[in-house]
Each structure stands twice: as structure tokens, then as C-alpha cells.
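Asker: When you read off a place in the sequence shown, starting at 1, and then add 229, the result is the number in the numbering used here. We put the beta carbon where it would ideally sit given N, CA and C, even for glycine.
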Amino acid sequence: MARPRSQSLPLINSPHPYPPHQYRRLSSPRHIRIIRLLNYDPVLSRVYISLSEHELSTIPKHFTALSYTWGSALEVFEEEHQLSARGLDKARLSKNPRNIELVVVPPEAYETFKRRDDASLDPRGFMVDLYTTPVSTITVKGNLSDFFRTYMINTWPQRHAQSQACGGSRETLEALANLWIDAVCIDQANNQEISAQIPMMGEIYSSAGRVLAWLGADEARLSMFQWWHDTVYPKMEFLLQRDQERAVIALRSYSYQDAKMWKDIFSLAPPTELGAATWLEAWAEYWAFYRTRRYFQRAWIVQEVVLGNRLHVYCGRGELNWDDMVGFVHLLGKVQWTDDINAQLHRNVPFKFNTSHRGFGIADIFEIQRHHNAKSWQKSGWARHWFAVINAVRQRHCFKPQDNVYATLGILQQILPPGAPFPIPIDTSHTPEQVFAFAATAILKNCPELSLLSFIEHPISRTYHSLPSWVPDLTDAEFPWPLGAFDSPFKAGIVRPTEHRELSANELAVARAAALIPTFRHLNPIKGTFALHGKKVDTIKKKYPCLNIFGIELGEVTLQVLNDLPSNYPHMLEPDDETGRLTEQSRERALVYTMTCQELNNPYGGSAEETQKLFDSFEDWLLSIWAELWYLADLVEGLDSEYSVYGAEGVDMLRKRRDRVAHMLTTLGWMSDTNKEEIETTAIRLRAARRGEGELPPAFSRPLTFRDQARRCMWDRCLFTTESGWLGICLNTAEEGDEVWILEGGAVPYVLKKGEGVEIELINGEDQPKILQTESRRFSGEAYVHGIMHGEYLEVKGGENMEWEQVVLM
230 MARPRSQSLP LINSPHPYPP HQYRRLSSPR HIRIIRLLNY DPVLSRVYIS LSEHELSTIP
290 KHFTALSYTW GSALEVFEEE HQLSARGLDK ARLSKNPRNI ELVVVPPEAY ETFKRRDDAS
350 LDPRGFMVDL YTTPVSTITV KGNLSDFFRT YMINTWPQRH AQSQACGGSR ETLEALANLW
410 IDAVCIDQAN NQEISAQIPM MGEIYSSAGR VLAWLGADEA RLSMFQWWHD TVYPKMEFLL
470 QRDQERAVIA LRSYSYQDAK MWKDIFSLAP PTELGAATWL EAWAEYWAFY RTRRYFQRAW
530 IVQEVVLGNR LHVYCGRGEL NWDDMVGFVH LLGKVQWTDD INAQLHRNVP FKFNTSHRGF
590 GIADIFEIQR HHNAKSWQKS GWARHWFAVI NAVRQRHCFK PQDNVYATLG ILQQILPPGA
650 PFPIPIDTSH TPEQVFAFAA TAILKNCPEL SLLSFIEHPI SRTYHSLPSW VPDLTDAEFP
710 WPLGAFDSPF KAGIVRPTEH RELSANELAV ARAAALIPTF RHLNPIKGTF ALHGKKVDTI
770 KKKYPCLNIF GIELGEVTLQ VLNDLPSNYP HMLEPDDETG RLTEQSRERA LVYTMTCQEL
830 NNPYGGSAEE TQKLFDSFED WLLSIWAELW YLADLVEGLD SEYSVYGAEG VDMLRKRRDR
890 VAHMLTTLGW MSDTNKEEIE TTAIRLRAAR RGEGELPPAF SRPLTFRDQA RRCMWDRCLF
950 TTESGWLGIC LNTAEEGDEV WILEGGAVPY VLKKGEGVEI ELINGEDQPK ILQTESRRFS
1010 GEAYVHGIMH GEYLEVKGGE NMEWEQVVLM
């Protein structure tokens, strides 16, 4: 029987092997390759495609760009969990062992043999002779293989024609069948092509008709995740729309797992039908959905989402609404539940779930997207906007460290002035240290403020120890909460011109962003030097280390500092409540403001009502600390199994700590009979509650404004005092004898360590560079110093006419 000249692709199930695909060189740096989906053979796990090149400007909106993660879609610990839960045999059966093989059909062959009805939404009309046509193959693995297998199901493309996103708009066949996928459309063996395509990534995603975000084939927790967005989010959003400020303040006073609040205000109960018996369990499932999917931890998604048109989110066979996802996360941030949820769930899930990410993996993207769409960089400057993108990327994972910068170049390309070249060299052969130094130099040269220094990670977390101390290691995001960020209310080292002194906060922020770059700022990324102006404030005399800011230790340190301080803080004056005359601030108020950095993390801070809440919660926090200590110190070995780990020696140690605290309280005049009775009563109620014999005391059950703000500001930091009596907080790696400096353009003070003498060239466009000889210093983190955060120190030293010193950071 004669073999037919052409065959319909779905009928060809021959295991005939085809040679690997050989990429041809692209016609120009402006050309890209586009995948055209032809059909899918589920038996052989083959997807038939054509691969053609196009000049990017000729195909706007005619293709879909895929946003996904290479390798596995799930974190390793989640795969191990599913393996143990299902059992080895079931786990093997649930996963298709064969990777998808892309069979590349030459475009000319596809054009020759296509039929008249190809314009329909049934791609099975594509005909090609696979016996004589020179086809080749590309094997895709892991998550990308799962994507093709899920996307090209029997009902493709009808299943995707009607989308839930973007108002339920109907998709064209072009949008469904034409794909751009980096692993396939870029020759991964050609470094020259990769270097040329990296700067185009942003343009590719913004030119696509839609962006498809693929979270993976696994649908674990999907139903619970959808319940939060379909049921809970609309009710909370409706409440905020009626009176946002009042609703936000009200919700902030509740716990996110308060069943009575959910029932009374929202008429909601935990979704038991989805397996959650309590609100904590429901939150844990929501939280784990983000933590177990590697997509949200992937660096490249930042620019893909920010620049993409019409984002569609697929998880297995389900579709999610991105606007609802970011809206809900943003709402949780407004009511200040995010940190509480993270802190609570960190204690209720295995350690491997915990990451350094703040929020849920998309909160930072939402902010960048909002500012990008509003073209905020036109006022704030491209360097500031670019670093915000870099900082979002560094909190995610990259296969190559250099991608922490390269994964942002698409956004950078769009925000640079027209015709401006890239401010850093793009070369895939550069080391991570070189790329990071080039990026830091570009930002500091083009941004008047030194906010980049506020995002330098803790020294212990640094991967590349040869980096200059002023260059962030972008492979790590373990930096303390930034005090001198771009939107910081502080201006310790920012000289305010006379005409700016009456501006509002927003007007001042715009003026600061538009300020000129300081004239004395010299950076050399090759030698690792950064010369600038500064002014030494003082030397650290005593530091108060605290290893555990979540426990009793921080309370003990607080008392120790109060005992060491004079009754009044001489560096801060405030009006007396009765006379209105300026008087020295009390040590208690100075310490509370220092530990919270003047309510830095409270969006409503500064008002009389919020300030009173802060000091009331400070008292409640102290009460909870002392009650906890009194409770633990009264334990008898084995009496409470929860604390039997202390043993006799541990209980004795706790009792000594209690006696030491009681002595400090007495010295401060805080150990009256009434206070002592309140501590003991609270400790008794605490013991009863932990035995299930009553409710927790209010100091343990209600949100504490001071505690939450202090924990954020004090993370990886410690209190210190200086030789002249300044009080502040700094990185816990600072040492007694280190210096506190104000640097020109820095919103906050900085701690610097003395180094050796150094000689550097200062190049100012002159024929002969000047030589600067001075002591070098190493950057050792930002600081809060109570009384100089708003430029007071500069004013005293002469303001605009102050004489700066020359500083060289190494």
C-alpha cells in the first residue's frame, strides 16, 4: 500500500528519533524567534512547532510571552513532602516520566502543506510530510515540560480562548498559538546572542499581546487560595471602600485569626469543607501557596510582570486573577497584618518554609508596577526607580548571580532618557562582583541620595566578601529593615536649602529627588573606592547587644539602657505639656522613639492619638515581658511539660534574672506594690491560659504597636550610646570605638570603621587627576541617632556653609 504524501500530525505516533535542533544566527540584534504551536502527540509526548524569526517591531501584540521558572515549579521541601504523603508508587504514577520533545518543523514546510481551514480554532488541520521534511527536536524538562503538557490538552486551543483575566476577553488564535519562551527562543549555547537578547527582555514582554504566568502543574492548596480571593477579599475590600481610614484603624486593632471578628464583621467562618478547622489553618494554607511555588521567588518575573500586557495566571488547570492577588496582599499590608502572619506562621510551619522574603512574594512587584505605570521615575529619577527593581529582584532566586542585575535591564531600558546608553557594561563573562560594583556605581553617580547604603546586607550573610563595603551583595537580601530608604522621612545628611524649609513632605521628596549630585563624589568600581564628603558625629562608647528581640532579653536590655541614661535626654527638646516651654525629653520617651525610629513603620504615626497608643503599648509590652519572666521563674522542674526543658539549673537561672530585673525596676522607681501585684497577677493568668483554664491576659492577646515596630527596627541591630551621650541603634556587628558619621546625601547617620591610609585619584575631567591622601574607612551599616535625624546636627554645624571632611570608603 502506497504511503500518503502528507499526514495529519495527530496521526503520527512513530517513535522515530529526530536530530537535535541547530539554531541559526539571528539576522540582527533586533530579531527574536517565535514558536508557532502546531499540535501535540500525548502518546509520544511530542509537541510539533515551527520556529521563525521576526524583527520585534513588526509583530507587536501578535504573540504570548511565557513567564515561568526553570527546573521544578515547587520548592524541594514541598516535593519531598508530597512524596512522603502520597507514597513512592503513587508519586511515580502522578508524574509523567517522559519529558516533552519539541519537534521543530521548518516554516516553509508548514506553509506548503497547510490546508484551507487552518484559520479555524482547530489546529489539527495543519498537515506536513514528516518522512521527507527535515525536522529536528528540542527537549524541554521539568516545569516547562509540564507547561506544554498542560497547555496542549485535547481541548486546546478552545480551553484558552476565553480568559478569566482582563475582563474575560476572547483570545485570538495568534495569541494562543504564537509563543515566546526564553529557553527555546534564545540559543542558550550562544553567549553572544544571550548578551544581545538580555537588554531586549523588557521590550519583548511589553510587545507581547499577553503574558502568561505559569505557576506549575501542581494544584495543591489552589482551592483554598481561590477561596481567599473569591470570598474573603471582596468582603474586606467592600468594608474599606466605605470608610478606608476608619476601617483600617479598626482592623489593625484585631488579630487576623480572631474568629469573633471574622464572624461579627464579615459573617465568615473558616472553610472546613476545604480542610481548615481554624483561621490559623486557613492562613497557613494561603501563606504556603506562595512559599511552596518557586515562581514567586524567581528573579526574572519582576520585569516580566511589571512590563507585561494583560497578565494571565495559570496554575495547573486553574486560572487566577493577578489583580485580586496583588489587591489582597496590598490590603493585608494596609491593616498591618503581614508581619504578624509571617511571624506566627514561622512558628507553626517547618523551618524550611521560612524565607527571607517580606510579604508574600508579590507585594514589592505591586509597588514597582504601580510606580512604573505612573511613570514616577520622571520625577524621582531613573536611578532610584532602577534600584527599587534591583532590590525586588535580589529577594528572589537566580541561576546565575549576575542575573540579579541583568534581570532588571528590561525595565532600565524603558526608563533611561531617550538615546542614553546603558550605564553599565553588559557582558555575560563578567564576574558577579564586577556586575554588582558597576550597578552600585551607576546608581550612586546618578542619584543625589545615598539610599543604596541602607540596603547593604548583614556582614554574616555576605557571599562575596571581596566586594567593597559600600557595594550591596545582590545575591542576598538579609539586610535589616532600611531606615534611609528613598522614601525615608529622615534627612540627617541632606542639607536643606533655605527655600525648601517650608515645603510639605511630598514637595520636599520631589525636591530631594531632583537635587543635584554632590560635586565631591568619586567612584571607582574597579579599585573599589568611593570618595565623598562627611562629618564625624561621635564615637560609640557602649553597645547593648541583644541576641533575641522576640524574647525576654530585649526587655532586660531596655531596662539596662534606661538605668544607664540620665533622667532627661539632653539632645532632644520638646514642649512641656503644661507650660509649653521647651524642656529636655525624658529618657523613657527618648528610648521608645529610638527603638521604633520615631514610629518609622507606622503610616499613621506622629498624631497625638497614635503617639499615645505607642506609649501605652510600650507599657503593655513591658508588662508582658515581666509577667513571662515571673511565670518562668516560678516553674518547678517537670511541673509544666512545655518548659521542663529548663531543668533545675535553668529555673535557677531564670530566678536570678527575675531578681536582677526587679532590682533595675526598683532603681527606676517602677517597682511599687501596685506594679508588683499587676505583674504577679498577669503571670498567674498567663499560667492558667497556657493550661487551657482561661483566656490570655490582654497584654498577650491584643496587638502591641510598640512591640511590632520595635521588632522590625531592632532586627539585627542593637542599642548604643556615644561618648557625648547620644542614644541610637546600629548594626549588631558594630563595635565600641567605631565612629558615627553623617555623609553628604545620606538620609541617616552611618557607622564607619577606621582603616589604613589610602591614596586615590580624583578625576574631574581635567588633564591631570588630583591625588587624595586620607584614611580609608569601611562601611558598617546605617544608624538611628536620636536628635539628629532631621538635619539638626548639620544646622548646628553651619547648614549650607558647613565645612565637610573628605571620606574614602573601601
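Note down the Cα distance separating residue 541 from residue 250, rounded to an integer number of angstroms.
Answerer: Rounded to whole angstroms, residue 541 to residue 250 spans 30 Å at the Cα level.
Asker: Residue 440 and residue 533: beta carbons closer than 9 Å?
Answerer: Yes, these two residues count as a Cβ contact at 9 Å.
Asker: Specify, as a first and last residue, the run of the alpha helix (DSSP H) that residue 602 falls within.
Answerer: Start and end: 592 to 602.
Asker: May I ask you to report which of helix, strand or coil DSSP gives residue 930?
Answerer: In this structure, residue 930 counts as helix in the three-state DSSP scheme.
Asker: As a quick exercise: from 301, 381, 287, 455, pick the residue whose alpha carbon is nearest that of residue 331.
Answerer: Considering only alpha carbons, the answer is 381.
Asker: Beta-carbon separation of residue 978 and residue 1018 under 9 Å?
Answerer: For residue 978 and residue 1018, yes; Cβs fall inside 9 Å.
Asker: Using the C-alpha atoms, what's the distance from residue 806 back to residue 694?
Answerer: Cα to Cα, the separation comes out at about 51 Å.
Asker: Who are the Cβ neighbours of residue 897 in its own chain at under 8 Å, not counting the five residues just before and after it?
Answerer: The answer, listed in chain order, is 788, 791, 792.
Asker: Could you have a look at residue 661 and say whether DSSP puts it in helix, strand or coil?
Answerer: Correct three-state label for residue 661: helix.
Asker: With H, G and I counted as helix, E and B as strand and the rest as coil, what does DSSP make of residue 439?
Answerer: Correct three-state label for residue 439: strand.
Asker: In this structure, does DSSP put residue 605 in helix, strand or coil?
Answerer: Here residue 605 sits in coil by DSSP.
Asker: Jot down the residue ranges of each uninterrupted alpha helix (DSSP H) in the region 609 to 645, minimum 4 residues, whole runs only, in chain order.
Answerer: Correct list: 611 to 623, 632 to 635, 638 to 644.
Asker: Alpha carbon to alpha carbon, what distance is there between residue 466 and residue 560?
Answerer: So the alpha carbons of these two residues sit roughly 8 Å apart.
Asker: Taking residue 504 as the reference, give the member of 632, 453, 626, 536 with the closest Cα.
Answerer: Taking only the C-alpha atoms, the option nearest residue 504 is 453.
Asker: Once DSSP output is grouped into helix, strand and coil, what is the label at residue 676?
Answerer: It is coil, neither helix nor strand.
Asker: Could you compute how far the alpha carbon of residue 508 sits from the alpha carbon of residue 565?
Answerer: Going by the C-alpha atoms only, they are around 17 Å apart.
Asker: Just to confirm the assignment, what range does the beta strand (DSSP E) spanning residue 799 have?
Answerer: Segment 797 to 804, the beta strand (DSSP E) holding residue 799.
Asker: Contact check, residue 265 vs residue 412 under 8 Å by CB: the rounded distance?
Answerer: Between residue 412 and residue 265 the Cβ distance is about 16 Å, and since that is not below 8 Å, they are no contact.
Asker: Fully enclosed by the region 486 to 559, which beta strand (DSSP E) runs are 3 residues long or longer?
Answerer: Runs of the beta strand (DSSP E) inside the region 486 to 559: 540 to 544, 547 to 549.
Asker: Would you call the region 929 to 949 in contact with the region 775 to 788, where contact means no fewer than 3 C-beta pairs closer than 8 Å?
Answerer: As far as the Cβ criterion goes, the region 929 to 949 touches the region 775 to 788, which means the pair count is three or higher.
Asker: Can you give the beta carbon distance from residue 628 to residue 299, rounded, assuming they're within the 8 Å contact cut?
Answerer: Right, their Cβ atoms sit about 7 Å apart.
Asker: With a 10 Å radius around its C-beta and 16 neighbouring C-beta atoms as the bar for buried, classify residue 602 as buried or exposed.
Answerer: With fewer than 16 other Cβ atoms within 10 Å, it is exposed.
Asker: Under DSSP, the beta strand (DSSP E) around residue 952 begins and ends at which residues?
Answerer: Counting along the chain, residue 952 falls outside any beta strand (DSSP E), and DSSP gives it neither H nor E.
Asker: From what residue to what residue does the alpha helix (DSSP H) around residue 471 run?
Answerer: Residues 462 to 471.
Asker: Cβ atoms of residue 682 and residue 710: under 9 Å apart, would you say?
Answerer: Contact: no.
Asker: Around the C-beta of residue 764, are 16 or more other C-beta atoms found within 10 angstroms, so that it is buried, or is it exposed?
Answerer: Classification of residue 764: buried, given that the 10 Å Cβ count is 16 or more.
Asker: Give me, in chain order, the residues of the same chain whose beta-carbon lies closer than 6 Å to that of residue 275; leave out the 5 immediate sequence neighbours on both sides.
Answerer: Hits under 6 Å: 330, 332.
Asker: Quick check on DSSP: helix, strand or coil for residue 758?
Answerer: In this structure, residue 758 counts as strand in the three-state DSSP scheme.
Asker: Which of the three DSSP states, helix, strand or coil, is assigned to residue 1034?
Answerer: Strand, per DSSP.
Asker: Let me confirm a value: residue 1023 is counted as buried when at least 16 other C-beta atoms fall within 10 Å, else exposed. Which label applies?
Answerer: Answer is buried; the Cβ neighbour count reaches 16.
Asker: By how many angstroms is the C-alpha of residue 968 removed from the C-alpha of residue 960?
Answerer: So the two alpha carbons sit approximately 13 Å from each other.
Asker: Assuming residue 519 contacts residue 590 (C-beta within less than 8 Å), just tell me the rounded distance between them.
Answerer: Yes, they are in contact, since the Cβ atoms of residue 519 and residue 590 sit about 5 Å apart, within 8 Å.
Asker: To the nearest whole angstrom, what separates the beta carbons of residue 522 and residue 303, a pair I think is in contact under 8 Å?
Answerer: Contact holds; Cβ gap of about 7 Å.
Asker: Compute the beta-carbon to beta-carbon distance between residue 747 and residue 677, rounded to the nearest angstrom, for a pair I have assumed lies under 8 Å.
Answerer: Right, their Cβ atoms sit about 7 Å apart.
Asker: Count the C-beta pairs between the region 636 to 650 and the region 419 to 436 that are closer than 8 Å, then say yes if the count reaches three, no if not.
Answerer: Contact holds: three or more Cβ-Cβ distances are below 8 Å.
Asker: Is the beta carbon of residue 849 sitting closer than 9 Å to the one on residue 928?
Answerer: Yes, these two residues count as a Cβ contact at 9 Å.
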